[in-house]
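Just below is one structure, and these are the notes that go with it.
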Amino acid sequence: VKGTDTFFNGADFAMIDAAFAPIFMRLAWINEFTDNAISINEFSNLSAWSEAILVVDEVKDSVSEGIDDVYYSNIEAREGYLSTLLVDE
């Protein structure tokens with residue numbers, strides 16, 4: 083169970099935080115693309131943890147520029163339920 087510190091195991095970014103970074107990154111993109119279809123804002127500790135992870139330089143630099151556009155296109159191309167929730171870019 084995550085404590086009340088910034089990251090999962092305390093004040094320092096650790097392996098568990100790095101493991102969740104891709105999940106939180108994709109959730110953030112999905113929420114951006116869909117006007118918060120899968121919002122975690124009602125879970126204050128989870129939301130704060132996600133926000134803390136997503137501002138870490140190593141996390142931001144771990145993906146290529148424009149990958150969010152590729153992810154959007156992938157969702158759109160699959161024509162699944164999530165694609166019906168997409169808002170125009």
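For the sequence shown, the residue numbers in the numbering used here are 83 to 171. Where a beta carbon is used, it is the ideal one built from N, C-alpha and C, also for glycine. Bear in mind that the values here come from a model prediction, so they are computed numbers and not experimental data.
DSSP beta-bridge partners of phenylalanine 89: Gly92
Between the CA atoms of glutamate 147 and leucine 128 - distance to the nearest angstrom: 26 Å
Whole-angstrom distance between glycine 92 and phenylalanine 106, CA atom to CA atom: 18 Å
Aspartate 151 (DSSP reduced to helix, strand or coil): helix
Under the three-state DSSP convention, the category serine 126 falls into: helix
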